[in-house]
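Numbers in our numbering are just positions in the sequence shown, counted from 1, shifted up by 24.
Ideal placement from N, C-alpha and C gives every residue a C-beta, glycine not left out.
Quick notes on the structure that follows.
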Amino acid sequence: MTMQRTSQTAGQFHSPSEIGRRLDVHAKTVKRLIKSGELRAHLVGGQYRISDDDFAAYVARCRI
Numbered sequence: 025m026t027m028q029r030t031s032q033t034a035g036q037f038h039s040p041s042e043i044g045r046r047l048d049v050h051a052k053t054v055k056r057l058i059k060s061g062e063l064r065a066h067l068v069g070g071q072y073r074i075s076d077d078d079f080a081a082y083v084a085r086c087r088i
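Written out as structure tokens, the structure is:
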């Protein structure tokens, strides 16, 4: 059986640690943002993963 690719590939998802490095904050801060609903994420195998689109949307909402 072959898997079909969707518009989101594995390369477009990031861990809270990766997002934290991009924002210059701790991974725990990113997890708090996810739990509060401010940053959307997927739960994959018990681990949070953030898509490029969700990250971009969060950054756009933070713009002042």
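Cut-off 7 Å between Cβ atoms - residues of its own chain near residue i, not counting five sequence neighbours on either side
i     : result
Arg85 : none
Which of helix, strand or coil DSSP assigns to residue i
i     : result
Leu47 : helix
Leu67 : strand
Ile58 : helix
Ser75 : strand
Sub-8 Å separation of residue i and residue j beta-carbons
i     : j     : result
Arg64 : Asp76 : no
Arg87 : His38 : no
Ser60 : Ala51 : no
Gly44 : Val54 : yes
Residue i: CB within 7 Å of a non-hydrogen atom of the ligand ZN
i     : result
Ile74 : Summarising the ligand content, the structure contains no ligands, and the ligand ZN is consequently not present.
Cα-Cα separation, residue i to residue j
i     : j     : result
Thr26 : Gln36 : At Thr26 the pLDDT is 49, less than 50, meaning the model places this residue with poor confidence and gives no usable figure here.
Close-in-space but distant-in-sequence residues of the same chain around residue i (CB under 8 Å, 5 per side omitted)
i     : result
Gln71 : Ser39
Proximal residues to residue i (C-beta, below 6 Å), its chain only, five neighbours per side dropped
i     : result
Tyr82 : Leu63
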